[in-house]
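J.:
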Amino acid sequence: MNTQAIQILFLKDLFLSRWPMFGYLVGGLLSVMVTCLPSESAGFIGFILMITVTIAAGIHLIGALLLAESIDMTRTFIMSLPVSLLDYSIAKISVVLVAFLIPWFGMLASLTILNFVVPEAKPGILPFLVLLFLFMLGGFCLQLFTAVVTESVGWTIVVLVLGNVTLNLFLKMLYEHPVISQLNKSEVLSWPPVVLQIMAIEAIVILIALGLTFMFQIRRRDLV
Amino acid sequence: MSTALHQPHQTTAAASLRGIAKEYKHFRLNNIDLEIEPGTVNGLIGPNGAGKSTIMRIMMGLVAPDQGTVSVLGQPISSREASAKQDIGFFSDDMRLYKSESIAFHMQFVRSLFPSWDEEYAQQLLDRFGLIAQQKVKGLSHGQRVKALLLLILARRPKLLILDEPTNGLDPVAKQEVLSELMQIVNDETRTILYSSHNTQDVEQISDTITFIDRGRVIASNNRDEFLDSWRRFKLQAPQNWQAPSIDGLRPESTFGNLRVMTTDRYQTEVEARLQSSGATLEASEAMTLEEIFVAAVVRGREEKQ
Numbered sequence: 001m002n003t004q005a006i007q008i009l010f011l012k013d014l015f016l017s018r019w020p021m022f023g024y025l026v027g028g029l030l031s032v033m034v035t036c037l038p039s040e041s042a043g044f045i046g047f048i049l050m051i052t053v054t055i056a057a058g059i060h061l062i063g064a065l066l067l068a069e070s071i072d073m074t075r076t077f078i079m080s081l082p083v084s085l086l087d088y089s090i091a092k093i094s095v096v097l098v099a100f101l102i103p104w105f106g107m108l109a110s111l112t113i114l115n116f117v118v119p120e121a122k123p124g125i126l127p128f129l130v131l132l133f134l135f136m137l138g139g140f141c142l143q144l145f146t147a148v149v150t151e152s153v154g155w156t157i158v159v160l161v162l163g164n165v166t167l168n169l170f171l172k173m174l175y176e177h178p179v180i181s182q183l184n185k186s187e188v189l190s191w192p193p194v195v196l197q198i199m200a201i202e203a204i205v206i207l208i209a210l211g212l213t214f215m216f217q218i219r220r221r222d223l224v
Numbered sequence: 225m226s227t228a229l230h231q232p233h234q235t236t237a238a239a240s241l242r243g244i245a246k247e248y249k250h251f252r253l254n255n256i257d258l259e260i261e262p263g264t265v266n267g268l269i270g271p272n273g274a275g276k277s278t279i280m281r282i283m284m285g286l287v288a289p290d291q292g293t294v295s296v297l298g299q300p301i302s303s304r305e306a307s308a309k310q311d312i313g314f315f316s317d318d319m320r321l322y323k324s325e326s327i328a329f330h331m332q333f334v335r336s337l338f339p340s341w342d343e344e345y346a347q348q349l350l351d352r353f354g355l356i357a358q359q360k361v362k363g364l365s366h367g368q369r370v371k372a373l374l375l376l377i378l379a380r381r382p383k384l385l386i387l388d389e390p391t392n393g394l395d396p397v398a399k400q401e402v403l404s405e406l407m408q409i410v411n412d413e414t415r416t417i418l419y420s421s422h423n424t425q426d427v428e429q430i431s432d433t434i435t436f437i438d439r440g441r442v443i444a445s446n447n448r449d450e451f452l453d454s455w456r457r458f459k460l461q462a463p464q465n466w467q468a469p470s471i472d473g474l475r476p477e478s479t480f481g482n483l484r485v486m487t488t489d490r491y492q493t494e495v496e497a498r499l500q501s502s503g504a505t506l507e508a509s510e511a512m513t514l515e516e517i518f519v520a521a522v523v524r525g526r527e528e529k530q
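In the order they appear, the protein sequences are chains A and B. If you number the first sequence the way the working numbering does, the last residue is 224 and the count never jumps. If you number the second sequence the way the working numbering does, the last residue is 530 and the count never jumps.
Below you can see the structure in the form of structure tokens.
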């Protein structure tokens, strides 16, 4: 493993994705600010915008950093350099993940802060938001896995659509859950066992998806 | 003939492929043996889809062979190995740079991976190729893109250059600029070039050794001058019932009435005399161009396969 090559490839991709990453971060922060406006419909619009920005960031970054490299044939150029498949895989999967996590984390962190700063906010909603963001991170990791395995825009979009349908069902489940729905209205932040259990399942899905993504990528025999 | 005339042997070859096979759905690369001597220019000629690009990709570790071994610059090659690539410059016709970035961005990126990067030479190449470092890749013409890629390859001073159809689609001026640069590199006897094309004229211009590939097989491989010397075309006037003498390597090419056209890949001066004594009148004994040799070799290879 050549750590210097990994670092160079990582920074190159981070540089290439700087504008979309920055755009999604700004868009995400604006949508968070909209949720804080003193109107119920503004809060709803801000919430929808936040989810939209996260989903768009995921598919855009996977497309631009991963699928485009195969479609635009820039991978042939990269793999002609003194870079092994392991170096390439570590750099590529890490950078796609980091590029997504920057707006993702920016939104979650700003929401957390605002929940404690804005007087009208109810800090009890934070576990719900963490569950939602982890769910979207899991969906992103599954799209990443699909993109790596199939190298197909079509299949990645299929997984994206399935993820969105599942997200709606997941939100419905959270709203209807007696413990979680109560938490959303609470002035006090607490982490009941059911929240921790769902978080654990989400973390396992994320880790398995990332592990499989890496495993499939480094077992690839033909790179072009 | 399924094997290259340059059989692999135990020397420090610039590249060595032994028993390479690769199966795709509609194509099979079949038992490729190839030895590339250091300091030589090797042309790989084949029609589109012959397997030239697959061989080169296997040599770069971009494609894993189903069978056989590959070593380049004394090191085994696979997608898991990167060290040999430090001294290899690979160009492929379908290789692309990042559209939204400039040539300067790519130069800086490649420089960061190659301690051998020669900035002065890179600047000379920019000038010689008429490229502007700040120009974005998406604004480059096909010829400029090829030149930009060659700049990125040549400025790292690789010991081995693997060039897959570098002159494909270039206008005559750009083609000559590229070939001139390659010919300058050829003067450095420590550097080895493997050059593929379906254009025999380009390959003939710079190659020491030439290998013909067709339908995934090596059909002939030889020193360029030996190729040109060993192939010959004969035009004969012969009666309908004329039987061609049994001469090693002599094959009929075409017949127009009494005019018979025959070729040999093992020309010796006594062939003309034997043809004359067989009852035919020899009208012409012509040297063949590399393109004619290539076509004849492909036809022979396909006949032998059938």
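Don't be surprised by glycine CBs; every beta carbon is placed ideally from N, CA and C.
Distance check for B/I417 and B/L258, CA to CA, integer angstroms please.
T.: Here the question's residue 258 of chain B lines up with position 34 in the second sequence. Here the question's residue 417 of chain B lines up with position 193 in the second sequence. In a straight line, the C-alpha of B/L258 is about 14 Å away from that of B/I417.
J.: What are the boundary residues of the alpha helix (DSSP H) that B/P476 is part of?
T.: As a first step, residue 476 of chain B must be located in the second sequence, where it is residue number 252. Where B/P476 is concerned, there is no enclosing alpha helix (DSSP H), although the beta strand (DSSP E) it sits in stretches over 474-480.
J.: Quick one: Cα of B/G263 to Cα of B/A237, how far?
T.: Counting from 1 along the second sequence, the entry for residue 263 of chain B is found at position 39. Counting from 1 along the second sequence, the entry for residue 237 of chain B is found at position 13. Just so you know, the alpha carbons of B/G263 and B/A237 end up roughly 10 Å apart.
J.: Are three or more beta carbon pairs between the stretch 119-134 of chain A and the stretch 342-356 of chain B nearer than 8 Å?
T.: no
J.: Taking Cβ positions only, does A/I8 come closer than 8 Å to chain B?
T.: The count along the first sequence starts at 1 and reaches residue 8 of chain A at position 8. Yes, because at least one Cβ of chain B sits closer than 8 Å to the Cβ of A/I8.
J.: Just list the alpha helix (DSSP H) runs in the stretch 345-432 of chain B, keeping only unbroken ones of 4 residues or longer that don't cross its boundaries, in chain order.
T.: 366-378, 396-410, 424-430
J.: Using 8 Å as the limit for Cβ to Cβ distance, is A/R221 near chain B?
T.: Your numbering for residue 221 of chain A matches position 221 in the first sequence. Cβ-Cβ to chain B under 8 Å: yes for A/R221.
J.: Between A/S17 and A/A99, which are expected to be in contact by the criterion C-beta below 8 Å, what is the C-beta distance as a whole number of angstroms?
T.: Counting from one through the first sequence, the residue named residue 17 of chain A turns up at place 17. Counting from one through the first sequence, the residue named residue 99 of chain A turns up at place 99. Indeed they touch by this definition, with Cβ atoms about 5 Å apart.
J.: Identify, in the order they occur along the chain, each residue of the same chain with its Cβ nearer than 8 Å to the Cβ of B/T487, setting aside the five sequence neighbours on each side.
T.: The residue labelled residue 487 of chain B in the question sits at position 263 within the second sequence. So the list reads W455, R456, R457, F458, L474, R475, E477, M512, A520, once near-sequence residues are dropped.
J.: How is the beta strand (DSSP E) around B/L458 delimited, first residue to last?
T.: As a working mapping, residue 458 of chain B is identified with position 234 in the second sequence. Residue identity differs from the one stated: residue 458 of chain B is Phe in this sequence, not Leu. That run of the beta strand (DSSP E) goes 456-461.
J.: Count the other CB atoms within 10 Å of the CB of B/A306; is the residue buried (16 or more) or exposed (fewer)?
T.: Translated into the one-based positions of the second sequence, residue 306 of chain B becomes position 82. Classification for B/A306: buried.
J.: Under a Cβ-count criterion, where at least 16 other Cβ atoms within 10 Å of its own Cβ denotes burial, should A/V26 be classed as buried or exposed?
T.: As a position in the first sequence, residue 26 of chain A is number 26, starting the count at 1. Under this definition A/V26 is an exposed residue.
J.: In its own chain, which residues sit with a C-beta less than 8 Å from the C-beta of A/A209, not counting the 5 before and 5 after it?
T.: If you number the first sequence from 1, residue 209 of chain A lands on position 209. These residues qualify, in order along the chain: G138, C141, L142, L144, F145.
J.: What residues of chain A sit near B/Q310, judged by a beta carbon separation below 8 Å?
T.: Position 86 of the second sequence, counted from the first residue, corresponds to residue 310 of chain B. Ordered by position in chain A, the residues that pass the 8 Å Cβ test against B/Q310 are P82.
J.: For the candidate residues A/E151, A/L162, A/L114, A/G106, whose alpha-carbon lies nearest to that of A/T213?
T.: As a working mapping, residue 213 of chain A is identified with position 213 in the first sequence. Nearest C-alpha to A/T213: A/E151.
J.: List the residues of chain B whose Cβ lies closer than 7 Å to the Cβ of A/N2, in chain order.
T.: As a working note, residue 2 of chain A is residue 2 in the first sequence. What A/N2 touches in chain B: A306.
J.: At a Cβ threshold of 8 Å, is B/R369 touching chain A?
T.: As a working note, residue 369 of chain B is residue 145 in the second sequence. No, because no Cβ of chain A sits closer than 8 Å to the Cβ of B/R369.
J.: Between B/L514 and B/I269, what straight-line distance do the alpha-carbon atoms span, to the nearest angstrom?
T.: Numbered from 1 along the second sequence, position 290 holds the residue referred to as residue 514 of chain B. Numbered from 1 along the second sequence, position 45 holds the residue referred to as residue 269 of chain B. If I take the Cα positions, the gap works out to 10 Å.
J.: Grouping DSSP H, G and I as helix and E and B as strand, with all else coil, what is A/P20?
T.: Walking along the first sequence from the start, residue 20 of chain A turns up at place 20. Looking at A/P20 - three-state DSSP - the assignment turns out to be helix.
J.: Can you grab the Cα-Cα spacing for the pair A/G28 / B/L376, in whole Å?
T.: Looking up residue 28 of chain A in the first sequence gives position 28. Looking up residue 376 of chain B in the second sequence gives position 152. One Cα belongs to A/G28, the other to B/L376, and the distance between them is close to 39 Å.
J.: Could you tell me whether the Cβ of A/L67 comes closer than 8 Å to any Cβ of chain B?
T.: Residue 67 of chain A sits at position 67 when you count from the first residue of the first sequence. Answer no: the Cβ-Cβ gap between A/L67 and chain B never drops below 8 Å.
J.: Is DSSP giving B/T236 helix, strand or coil here?
T.: Counting from one through the second sequence, the residue named residue 236 of chain B turns up at place 12. Coil, per DSSP.
J.: Quick check on this structure: which residue in A/L49, A/A200, A/L14 has the alpha carbon closest to the alpha carbon of A/I93?
T.: Against the first sequence, residue 93 of chain A aligns to sequence position 93. Nearest C-alpha to A/I93: A/L14.
J.: Measure the C-alpha to C-alpha separation of A/M199 and A/V130 and round it to an integer number of angstroms.
T.: Taking the first sequence and counting its residues from 1, the one referred to as residue 199 of chain A is at position 199. Taking the first sequence and counting its residues from 1, the one referred to as residue 130 of chain A is at position 130. Rounded to the nearest angstrom, the two C-alpha atoms are 8 Å apart.
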